[in-house]
Amino acid sequence: MALLEAQDITKRFPGVVALGGASLRVEPGEVHALLGENGAGKSTLLKILSGAQGSDGGHLTFDAKPLRPDDTPSQRQKAGIVTIYQEFNLQPFLSVAENLYLGREPLRFGLIDHRQMRADARRILDDLGLSLDPDLEVSRLNVADQQMVEIARAMTLQAKLIIMDEPTAALSPREVDILHRIVGTLKARGIAVIYVTHRLKEVKAICDAYTVLRDGRFVASGQVSDVSIDDMVRLMIGRDVAFLKRPPRQVAPTPVLRIDGVSRRRGAHEARGTSLDNISFEVHAGEIVGLAGLVGAGRTDLARVLYGADRKDSGRIHLCGRALDIQSPAQALSAGIALVPEDRKQQGCFLDHSIRHNLSLSGLKSLSRPGGFVDEGAERRLVETFRQKLRIRMSSSEAAIGTLSGGNQQKVLLARCMALSPKVLIVDEPTRGIDVGAKADVHQVLFDMASEGMAVIVISSELPEVMAVSDRIIVFREGRITGTLEAADADEETLMALMATGSAPQAPNP
Amino acid sequence: MTATPAPAPDLSAPPAKAPFDTVAFLRTWGTTLFLLLLIIGFAAWNPRFLSLRNALNILTEVSIYGVIAVGMTFVILTAGVDLAVGSLLAFAAIAAAWVVQHMGGDLPQWLVALGVASAIGLAAGYAHGKTITWLKVPAFIVTLGGMTIWRGATLILNDGGPISGFDAGYRWWGTGAVLGVPVPVILFALVALAGHVTLRYTRFGRQVYAVGGNAEAARLAGINVKAILISVYVIVGFLAGLSGFLLSARLGSAEAVAGINYELRVIASVVIGGASLSGGAGNIRGTLIGALLIGVLSNGLVIMHVSSYFQQVVIGLIIVAAVAFDAYAKSHRGKV
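First to last, the protein sequences are chains A and B.
Residue 1 is where the first sequence starts when you use UniProt numbering, and the numbers rise one by one after that.
Residue 1 is where the second sequence starts when you use UniProt numbering, and the numbers rise one by one after that.
Following this line, the structure appears as structure tokens:
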């Protein structure tokens with residue numbers, strides 16, 4: 001009798017089918033890997049299981065009882081399903097013990113019994129083999145220990161199934177070992193775990209069973225012991241969306257951008273970010289270099305260092321042969337390096353402001369008359385030029401950018417950078433969350449810019465995209481470069497292996 | 001096989017021709033309508049309300065704090081706040097008067113006073129801005145401290161007593177008129193116009209909106225966020241100094257208790273004018289209406305013989321109502 005049975009789960013968002021029939025079967029006390037590429041529907045399925053989102057169709061059974069599709073997260077927790085997201089759900093200024101029993105504090109005469117709570121917390125932590133002090137404030141813990149608190153909290157909730165979403169994305173190798181030991185402890189207590197990860201070595205190391213999703217649908221499941229890492233990779237890839245492939249062309253011999261031994265250490269209390277270790281490569285005029293890697297591999301961190309948004313600890317950056325010392329995005333832009341950031345809504349757009357204001361913001365200097373007055377005529381012509389060039393679909397340039405679709409927002413942000421005619425353009429996840437047609441438009445824009453002689457760096461977690469747009473692909477893993485391939489020689493299996501394990505598959509090339 | 005995508009339908013495009021949206025209309029013009037209704041109401045109650053003398057009186061009152069409200073609009077647009085303006089006004093005024101009294105050379109009194117008050121306002125504003133951006137102390141705390149510091153400094157400077165005895169040239173700035181229009185009103189109009197033009201038509205204005213709309217995105221778009229933040233506190237500080245000069249010229253003395261509670265009146269003007277305390281939304285036109293509304297209400301209630309205690313209750317209710325309506329209008333828009 002399965003502990004969790006999800007059958008043919010469907011979920012639609014306006015314009016997108018996120019899940020078109022996802023199924024998952026988890027046995028009691030089993031560590032179950034949920035696999036799939038970015039956009040395969042893993043996150044949506046997790047949200048449906050945890051109660052954060054309702055499903056449109058399908059059946060959910062847990063512990064021999066059907067689950068209602070409109071359960072709230074707290075109802076699911078009561079049923080025994082506890083989810084640990086990448087963004088932790090802890091109160092930073094409360095102690096470990098207070099977090100463990102938040103909302104369910106042991107009472108004595110109607111008041112919180114702190115002694116009892118501390119003792120209970122101690123017992124749970126000991127049970128997991130953790131030496132954390134229950135009185136410590138959570139904000140003082142590092143990321144790994146905060147995750148342990150989340151797991152301990154799941155124990156206090158009497159969880160029968162714990163869902164972990166990319167639990168090792170932010171952990172050091174030693175911390176990963178500790179987490180794996182604890183997953184073993186959970187399993188020994190009869191608690192099932194759904195383990196979402198891109199790191200297939202971990203799947204081999206700690207998971208019993210696996211399920212693969214692709215394009216929102218169930219593809220395969222089975223016992224991990226029956227398959228190799230290469231088999232899992234093969235199951236995850238293979239799709240029907242073909243991208244426009246960039247025709248091969250001549251690349252200028254001298255590099256525009258030369259990165260030489262760039263390193264950066266992540267601060268002890270930064271929840272996000274990856275340390276960079278001795279990154280070196282060159283980008284030539286007219287070339288598109290793709291940076292491949294898993295989430296948290298250090299690609300975005302490198303982009304932010306190049307753009308002056310984060311400091312580097314060591315290394316040199318040369319632009320057109322001149323050494324640069326960039327301290328801020330403003331300096332990067334005036335030197336000729338532009339970035340379209342990863343998170344369109346949080347880092348790119350001013351959602352309530354007009355399309356015109358969003359588009360022209362970085363280039364206002366060249367649109368200004370003496371005295372700092374903006375030449376609105378020139379500004380409107382600029383917007384109109386890019387509306388036509390990038391096929392931005394909008395009713396009026398005065399409408400708020402927040403009213404546009406994601407693809408059109410992205411085009412406005414691209415136009416903001418293009419208006420500066422930079423020498424180097426970095427685009428981080430340029431097509432995340434936008435529809436196929438707009439993706440092709442964005443790719444065409446990148447091709448055009450490279451053809452005009454710009455050096456382009458594309459960061460994407462979608463392998464088919466990286467392979468389609470790049471001339472050369474550089475693979476990142478845990479802050480290091482694990483391989484550089486000419487796009488013509490790259491295939492998904494080699495890339496996935498370099499991304500996940502750091503070395504190419506053993507199969508010899510003819 | 002290459003993908004040749006058909007243009008995808010843009011689901012988020014607004015409908016071609018929206019019917020008249022009452023809520024959106026009221027959100028833009030509601031305060032103005034309310035102001036007109038108040039004026040009509042007060043005039044109907046007592047025709048003396050609409051007399052030229054009373055109208056100019058109201059405008060002069062409004063001008064003194066309205067000048068600061070223009071600067072406060074810049075600050076609130078960046079999602080900041082300045083609680084120190086009332087105290088800074090008093091300190092700038094009394095320091096200017098002190099210099100005039102003790103060190104006045106051959107220069108005209110008004111010129112010395114205007115120079116000193118402006119310089120103090122600029123310097124204090126710079127100090128506030130620098131503390132906020134460098135030490136990363138929230139604006140609320142820095143200017144709350146400033147509010148106490150400048151008031152204390154005012155009391156220290158002349159042992160809590162007023163300084164008076166200005167010449168006619170000085171008094172003209174508060175009591176004089178050009179073609180029948182009081183000088184403070186003319187200055188207020190000029191300051192408001194300059195503020196409007198700066199926000200609406202300059203690169204700096206765009207950057208102020210951007211910093212308040214999304215500070216991280218502004219930084220990544222190449223804006224020097226710290227410089228913008230410091231600038232807006234310098235602007236409001238300068239205008240607080242100017243306002244202190246005008247008030248002392250109007251009263252004929254610089255008082256240690258001048259400008260008490262002005263920060264609240266000024267912030268209320270901006271907020272009633274539709275600016276969002278979370279930054280990025282608001283304009284000078286709104287602030288102007290907000291400042292006038294408070295001035296008309298105070299004056300009108302006096303004419304109706306409503307006690308000044310009750311006035312405070314009414315103004316408070318209007319602030320809350322204005323912001324509540326704005327929040328309602330926003331969520332209403334989200335539902336369309």
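The C-beta atom is built at its ideal place from N, Cα and C for all residues, glycine as well.
No Cβ of chain B is located within less than 8 Å of the beta carbon of A:GLN116.
For A:LYS312, no Cβ of chain B is located within less than 8 Å of the residue's own Cβ. Ranked by Cα distance from A:ARG217, the options A:GLY58, A:PHE476, A:LYS411 are led by A:GLY58.
Around the beta carbon of A:SER405, 16 or more other beta carbons sit within 10 angstroms, so the residue counts as buried. The C-alpha of A:ARG140 is placed about 27 Å away from the C-alpha of A:ASP343.
Between the C-alpha atoms of A:SER397 and A:SER354 there is a straight-line separation of about 7 Å. Contact note: B:GLY222 reaches chain A through PRO329, ALA330, LEU333, SER362, using a C-beta cutoff of 7 Å and chain order.
Per DSSP, the unbroken alpha helix (DSSP H) holding A:ALA415 starts and ends at 406 to 418. Taking CB atoms only, B:ARG27 has no neighbour in chain A less than 8 Å away. A Cβ-Cβ contact shorter than 8 Å links A:THR61 with A:GLU5. Here A:LYS411 is buried, its C-beta having at least 16 other C-beta atoms within 10 Å. The beta carbon of B:GLY280 falls within 8 Å of a beta carbon belonging to chain A, placing the residue at that interface. Counting the other CB atoms within 10 Å of its CB gives A:LYS65 a total below 16, which places it among the exposed residues. For the options A:THR385, A:LEU306, A:ALA400, the alpha carbon positioned closest to that of A:MET418 is the one of A:THR385. Contact check for A:LEU414 against A:LEU390 passes: the beta carbons are separated by less than 8 Å. Under the 10 Å beta carbon count, B:THR78 is surrounded by 16 or more other beta carbons and is classified as buried. According to the DSSP assignment, A:VAL466 belongs to no beta strand (DSSP E) but to the alpha helix (DSSP H) extending over 463 to 469.
Following the DSSP letters along the chain, one finds B:PRO138 in no beta strand (DSSP E), marked with neither H nor E. B:PHE20 counts as exposed, since fewer than 16 other C-beta atoms from the protein chains shown sit within 10 angstroms of its C-beta. Against chain B, the CB of A:PHE373 has a partner CB under 8 Å away; the residue lies at that interface. Scanning its chain for C-beta atoms nearer than 8 Å, with the 5 sequence neighbours on each side dropped, one finds around A:SER131 the residues LEU125, in chain order. When C-alpha distances from A:LEU463 are compared across A:ALA159, A:ASP491, A:MET454, A:GLY479, the shortest belongs to A:ASP491. Beta-carbon to beta-carbon, A:ALA323 and A:ARG316 are separated by about 6 Å, close enough to satisfy the 8 Å threshold. At least 8 Å separates the beta-carbon of B:ILE294 from that of B:SER276.
Between A:GLU37 and A:MET236 a beta carbon distance of about 6 Å is seen, short of the 8 Å cut, so the two are scored as contacting.
Between the C-alpha atoms of A:LEU291 and A:ILE481 there is a straight-line separation of about 10 Å. Here DSSP, grouped into helix, strand and coil, assigns A:MET454 to coil.
A:LEU306 and A:PRO255 have their C-alpha atoms spaced approximately 15 Å apart. For the 8 Å CB-CB criterion, B:TYR170 and B:GLN207 do not form a contact. Scanning chain B for C-beta atoms nearer than 8 Å to the C-beta of A:ASP352 yields GLY213, GLY280, ALA281, reported in chain order. By the rule that beta-carbons nearer than 8 Å mark a contact, A:SER139 does not touch chain B. In the same chain as B:ILE319, and ignoring 5 residues on each side of it, the C-beta atoms closer than 8 Å to its own belong to ALA268, VAL271, ILE272, in chain order. The residues VAL67, ILE68, GLY71, in chain order, have a CB closer than 6 Å to that of B:LEU239 in the same chain once the five nearest residues on each side in sequence are set aside. If you draw a straight line from the Cα of A:THR211 to the Cα of B:VAL211, it comes to about 46 Å.
Our two residues, A:ASP135 and A:GLY103, have alpha carbons roughly 17 Å apart in a direct line.
A direct Cα-Cα distance of roughly 22 Å separates A:LEU351 from B:LYS226.
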